[in-house]
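Q: Chains as they are written, first to last, in our numbering: chain A, 869 to 1096; chain B, 50 to 424; chain C, 17 to 349. Ideal Cβ positions, reconstructed from N, Cα and C, are used throughout, including at glycine. Only a predicted model underlies this, so the values are computations on that prediction, with no experimental measurement involved.
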Amino acid sequence: MISVRDISKVFNAGRPNEFTALRRLSLDVQMHETTILKGPSGSGKTTLLGLMGCMARPSTGRISLNNREITSLPERFLTEIRRSTFGFIFQQFNLIKGISALENVMFPAYPTGEKFSTLHKRALATLEMFNLDKRADAKIEWLSGGEAQRVAIARALINNPMVIIADEPTAHLDTKLSQEFMDIMRDLKARGTTIILASHDPIVYDSDLADRVVEMRDGQVVHGGTGP
Amino acid sequence: MVIERHLHILDFTLSSLLRRKGKNGALLLVYTLIVFILASVLFFTHALKREAALVLKDAPEIVVQHTLTGRYQPIPVAWGDRIGKINGVISVRPRLWGYHYDTLLMANYTLMVPAENPPGPGSIDLGSGISRTHGANSGDMIAFAGHDGVPRMFTIRKILDSESQLLTSDLILLSEKDYRDFSGIAADQATDLTLRVRNPREYATIAEKITRMYPDTRPIMRSEILRTYDAVFGWRSGLMIVILSAAALAFIIFAWDKATGLSAEERKEIGILKAIGWETSDILMMKFWEGTAISLTAFLLGVILAHVHVFSTSSALFAPVLKGWSTLYPSFRLTPFIDFGQVATLFFLTVVPYTITTIVPSWRAATIEPDAVMR
Amino acid sequence: MILDPSILALLVSSVLISLMTLYACGYGVQILRRWDIASGSELQLALERRTYLISTIVSYFLAFQLVSLFLLIQTVDSICHLFVGAMCAVGTLTVNSFGYPTLLLKVATFILAGLWLILNYADNKGYDYPLIRAKYLLLLIMAPFIVAETVVQWIYFLGLRPDIITSCCGSLFSQGSRGIASEILAAPSVPMEITFYACMLITVAAGTRLFLRGKGGYLFAGMSGISFAVSIVSIISFISLYFYEMPSHHCPFCILQKEYGYVGYPLYGLMFLGAVTGLGVATLQPFVKKESLEKIIPAMQRKLATVSVFSFLTFTAIVTWQILFSSFKLEGY
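1) Using a C-beta to C-beta distance shorter than 8 angstroms, which residues of chain A count as neighbours of A54 (chain C)?
2) Compute the distance between the beta-carbons of S29 (chain C) and F397 (chain B), then report whether it is under 9 angstroms.
3) Could you check whether the Cβ of R892 (chain A) sits closer than 9 angstroms to any Cβ belonging to chain B?
4) So, for L121 (chain C): in the same chain, excluding its five sequence neighbours on each side, which residues have a beta-carbon less than 7 angstroms away from its beta-carbon?
5) Is the stretch 236-251 of chain C close to the stretch 316-330 of chain C, with three or more CB pairs under 8 angstroms?
6) Counting only beta-carbon atoms, is F337 (chain B) nearer than 9 angstroms to chain A?
7) Suppose only complete runs of 3+ residues qualify. What are the beta strand (DSSP E) ranges in the stretch 1049-1087 of chain A, listed by chain order?
8) Taking DSSP's pairing of strands, which residues face I111 (chain B) in a bridge?
9) Let me know the alpha helix (DSSP H) ranges lying completely inside the stretch 137-210 of chain B, each 4 residues or longer, listed in chain order.
10) For G44 (chain C), report the span of its beta strand (DSSP E) as first-last.
11) Contact check, A1034 (chain A) vs I957 (chain A) under 8 angstroms by CB: the rounded distance?
12) Nearest CA to the CA of T67 (chain C): which residue from C:A79, C:V249, C:Y39?
13) What residues from the stretch 920-944 of chain A come within 9 angstroms of chain C, judged by C-beta to C-beta, listed N to C?
14) Could you check whether the stretch 351-361 of chain B touches the stretch 101-115 of chain B, counting it as contact only if at least three pairs of C-beta atoms, one from each stretch, sit closer than 8 angstroms?
15) Considering G285 (chain C), what are the terminal residues of the beta strand (DSSP E) in which it resides?
16) Is it the case that the Cβ atoms of T406 (chain B) and A256 (chain B) are separated by a distance below 9 angstroms?
17) In the structure shown, what three-state DSSP assignment does G981 (chain A) receive?
18) In three-state terms, what does DSSP make of I1032 (chain A)?
19) Hey, quick one: how far does the beta strand (DSSP E) through K877 (chain A) stretch, first residue to last?
20) For L69 (chain C), go through chain F and note every residue whose CB falls closer than 7 angstroms to its CB, in chain order.
21) In the DSSP assignment, find the unbroken beta strand (DSSP E) run with I904 (chain A) in it and report its ends.
22) How far does the beta strand (DSSP E) with R930 (chain A) in it reach, from first residue to last?
23) Taking only three categories from DSSP, how would you classify S894 (chain A)?
24) With respect to the alpha helix (DSSP H) encompassing L97 (chain B), which residues constitute its N-terminal and C-terminal limits?
25) Let me know the secondary structure DSSP gives E937 (chain A) once reduced to three states.
26) State the DSSP-derived secondary structure class of K306 (chain C), mapped to helix, strand or coil.
27) Check whether the stretch 942-961 of chain A and the stretch 324-331 of chain B are in contact - that is, three or more C-beta pairs closer than 8 angstroms.
28) Could you tell me the distance, in whole angstroms, from the CA atom of A333 (chain C) to the CA atom of L257 (chain C)?
29) Is T116 (chain B) helix, strand or coil by DSSP?
30) Would you call the stretch 1054-1074 of chain A and the stretch 976-983 of chain A touching, i.e. three or more CB-CB distances under 8 angstroms?
31) Applying a beta-carbon distance threshold of less than 9 angstroms, which residues of chain C neighbour P402 (chain B)?
32) For the alpha helix (DSSP H) that contains G340 (chain B), what are its first and last residues?
33) According to DSSP, what are the bridge partners of S968 (chain A)?
34) Compare the C-beta of D20 (chain C) against all C-beta atoms of chain A and say whether one is closer than 9 angstroms.
35) Which residues mark the beginning and the end of the beta strand (DSSP E) in which V955 (chain A) is found?
36) Classify T118 (chain B) as buried or exposed, calling it buried when 16 or more other Cβ atoms lie within 10 Å of its own Cβ.
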């Protein structure tokens, strides 16, 4: 369980452009479930995803992952947890251009120091899952939108994460690709992966995939929260 | 594990460097140029110093010259007998040598009567430089005009080939009889006297005794010559480097600019890497490998080019500035060398400033927030 | 002053390194005063990010300092003939009274930087920055030495004027003259040989005990420090003789030259490695009870002790090899 207690996140504290992205927010995310954060842009969805995904630390409040307090861990420990627990899918895929699809999938595992040959095999197998094994050596800019999306998902899966975090995954996709994305998520869910999605796209938050929809506004949960 | 991690990161670094050929190519070019120039200066002056040391290794400990109103004069051979009686002096030998100006080729040659194995009357040994310019080989006849303008014919016994070409290149060795006839120096006089002294601590005392015995002589110690050479060359290259430091400064600014001016794309890439599980120290490691790859390439390339420049083309580019004396010899090759001190010096003058310049920018790049790509 | 390229290189790089150290110290002070691990404030996050910068600077410093140490010796050796009577590095270093202090400061800052990095490594393994205060206090202790080295080196080179009569290594280390170096020699070589081997034996024994039982950290660290000092004295007293194969040449620097196959580099390298890793054991010892390092420190100490013992053993092996197979025999000298 990812348990978020009373967290706030303030950017540029003490300066004229001070901005509070989250205010005393509490939320529990159950494992093996799919949680969808819904809300207008600027409601703090992305910031909350970042905090839950160990990308940043809250200004105040505590977050624990499977009952382990992770709020005050140094960055190198947070990164390790992030790498082994979470897989990220970003709005614009964020693949590195000029480099092959296969290498892009392998990048998240580089710092683990895994043996090249086993990593290579694993990355190929992951690409195969998405019928991309033939495109493994193609550079990112040669891939179609659908292929790029699947490479991005393959990359998120390379370290066998317990949790997949996706931020507005369908924002730049047409309906067909959006449906395809949801199908892949459904597969992952069936295999027991925890999924956390942030979206204001009805295809996402109205889908049967969602076990829980959390509605956010102005850095607070307005509906669907389970906090105290 | 640790090694694999390094290899992965190194692998990624190299591929990113190659992806940005334009930017890194320019940096590499300027970097290599700086290393090349500095290395050429260092190698060249150091090689000249070594040549001087090589020559002076076998030089007599003390040379005594005769002066008249501060100007050089031939010295009476007989003075050597009294000087030889000074305690600590092992032997005294009169030397015959001088310069000859070849009006035809407008070059200066050094004439000398060797102490050991001199050529017989009528024959000479020729330095490789003269042999080349005259197209003369051993067994050929060659003529030089003596002090009275009358040419004398000599048979070439052999062409000199020695470890140090700088000093034998323009050399002519001949017999004492031929030399006196050629130069017109009187039979009881010599160019100077050379002394062998065993104990280095006695040099100063002996020199002092000689000047007291013959106040119009000037004893010159070998160590003094070496020191002077060194000081002169050291100063010259030091001065060159001070001047070049302006260029180096420009390079540092260039490097700083390149390092700080991360392109939006690069920033985004680092952001992506951090978001998908790379840590600040992984990015720092990547930046370290990036710096190492660039420095190593530029350093090796610069040093190799400078080595070729100095030892194969005789420093064609800036020999005139560094050699300093007006007419050097027609052409010569320096003895190649490579030593730790020179390489370490170069390292501290180029790689260290470059690295220090890039530490802060690299760190800034490495501490981009991982969630930056999500915003 | 002599405007030699190597001297310029040493001066310029040491000034740059000093500036970087002072820069790091500025943030070190801030970290000591404002550090609050429980806070998620932006200041705290910024300070945590600064720690990366500072450890990067110290790592580079360590590497540069090692090269600069050897470059200093090489440089003073190569300009020795500018000074009447100086025959190698020893002569040039004694031209004025700042030569040896420069060398000693370089050695000291190198060792301190090595110890700092060992602390840093342990700190990075703990999830709550357990050594942050100790680490930055050590940085603040180290900084004056680094700056002092730059200043002293600057004064030393500025004060070098060719032709000043100095003692060469022959006279400096001859029995008759006074001063610290000849005191070292005054300890006769055979007892020194016994001391050397005894020292190495105790160090290895202490290291093995630490490795097997996890006990005696301070004892082992103390012994490796003593072994380091004894090794230097031994090089001057008898080891150098076997390499030079001359009964009166006691110079500790000439073994770095080509004539002796650069054997000095591995010898000094092993000594430094042994000393830094050995002393590192003691640096970690006070923190052995820190909760977040309970498992980490003993494992690190074992590794450090292994490296240290291995270094000293290899050093001893090279020396012993030379003593046994050199045609030079010490008996009678």
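A: According to the structure shown:
1) Here residue 54 (chain C) corresponds to residue number 38 of the third sequence, with the count starting at 1. S940, listed in chain order.
2) As a position in the third sequence, residue 29 (chain C) is number 13, starting the count at 1. As a position in the second sequence, residue 397 (chain B) is number 348, starting the count at 1. Yes, Cβ-Cβ distance for S29 (chain C) and F397 (chain B) is below 9 angstroms.
3) Against the first sequence, residue 892 (chain A) aligns to sequence position 24. For R892 (chain A), the answer is no, since every Cβ of chain B falls outside 9 angstroms of its Cβ.
4) Taking the first residue of the third sequence as 1, we reach residue 121 (chain C) at position 105. Only F161, A164, E165, V168 meet the Cβ criterion.
5) yes
6) If you number the second sequence from 1, residue 337 (chain B) lands on position 288. No, F337 (chain B) lies away from the interface with chain A (no Cβ there is under 9 angstroms from its Cβ).
7) 1062-1067, 1080-1085
8) Indexing the second sequence from 1 puts residue 111 (chain B) at position 62. Answer by DSSP bridge pairing, in chain order: B:L244, B:M270.
9) If we require 4 residues or more, the alpha helix (DSSP H) runs fully inside the stretch 137-210 of chain B come out as 177-183.
10) Here residue 44 (chain C) corresponds to residue number 28 of the third sequence, with the count starting at 1. First-last for G44 (chain C): 21-50, but that is the alpha helix (DSSP H), not the beta strand (DSSP E).
11) In the first sequence, counting from the first residue as 1, residue 1034 (chain A) sits at position 166. In the first sequence, counting from the first residue as 1, residue 957 (chain A) sits at position 89. Right, the Cβ-Cβ distance comes to about 4 angstroms (below 8 angstroms), so this counts as a contact.
12) Counted from its first residue, the third sequence places residue 67 (chain C) at position 51. Cα-wise, what sits closest to T67 (chain C) is C:Y39.
13) Here the close residues are A924, R925, P926, S927, T928, G929, T939, S940, L941, P942, E943, R944.
14) no
15) Here residue 285 (chain C) corresponds to residue number 269 of the third sequence, with the count starting at 1. Taken as a continuous stretch (DSSP letters only), G285 (chain C) belongs to no beta strand (DSSP E), being part of the alpha helix (DSSP H) at 280-300.
16) Taking the first residue of the second sequence as 1, we reach residue 406 (chain B) at position 357. Taking the first residue of the second sequence as 1, we reach residue 256 (chain B) at position 207. No, Cβ-Cβ distance for T406 (chain B) and A256 (chain B) is not below 9 angstroms.
17) Your numbering for residue 981 (chain A) matches position 113 in the first sequence. Reduced to three states, the DSSP call for G981 (chain A) is coil.
18) Residue 1032 (chain A) sits at position 164 when you count from the first residue of the first sequence. For I1032 (chain A), the secondary structure class from DSSP, reduced to helix, strand or coil, is strand.
19) Here residue 877 (chain A) refers to the residue found at position 9 of the first sequence. First-last of the beta strand (DSSP E) with K877 (chain A): 870-879.
20) The question asks about chain F, but that chain is absent: this structure's protein chains are A, B and C.
21) Here residue 904 (chain A) is taken as the residue at index 36 of the first sequence, counted from 1. Under the DSSP assignment, I904 (chain A) falls in the beta strand (DSSP E) whose first and last residues are 902-906.
22) If you number the first sequence from 1, residue 930 (chain A) lands on position 62. Per DSSP, R930 (chain A) belongs to the beta strand (DSSP E) from 928-933.
23) Residue mapping note: residue 894 (chain A) aligns to position 26 of the first sequence, counting from 1. The three-state reading of DSSP puts S894 (chain A) in strand, counting E and B together.
24) Looking up residue 97 (chain B) in the second sequence gives position 48. Here the alpha helix (DSSP H) through L97 (chain B) covers 70-106.
25) The residue labelled residue 937 (chain A) in the question sits at position 69 within the first sequence. Strand at E937 (chain A).
26) Start at 1 with the first residue of the third sequence, and residue 306 (chain C) comes out as number 290. Three-state DSSP puts K306 (chain C) in coil, outside helix and strand.
27) yes
28) Sequence index remark: in the third sequence, residue 333 (chain C) carries index 317 (1-based). Sequence index remark: in the third sequence, residue 257 (chain C) carries index 241 (1-based). One C-alpha to the other measures close to 16 angstroms.
29) For the purposes of this step, residue 116 (chain B) is taken as residue 67 along the second sequence, with counting starting at 1. Reduced to three states, the DSSP call for T116 (chain B) is strand.
30) no
31) Indexing the second sequence from 1 puts residue 402 (chain B) at position 353. Ordered by position in chain C, the residues that pass the 9 angstroms Cβ test against P402 (chain B) are V28, S29, L32.
32) The residue you call residue 340 (chain B) lines up with position 291 of the second sequence. Taken as a continuous stretch (DSSP letters only), the alpha helix (DSSP H) holding G340 (chain B) covers 329-361.
33) Stepping through the first sequence from its first residue, residue 968 (chain A) is reached at position 100. BP columns for S968 (chain A) point to A:K1007.
34) Here the question's residue 20 (chain C) lines up with position 4 in the third sequence. No, D20 (chain C) does not count as interfacial toward chain A.
35) Walking along the first sequence from the start, residue 955 (chain A) turns up at place 87. First, the amino acid is wrong: residue 955 (chain A) is Gly here, not Val. Start and end: 954-957.
36) Within the second sequence, numbered from 1, the residue matching residue 118 (chain B) stands at position 69. Result: exposed.
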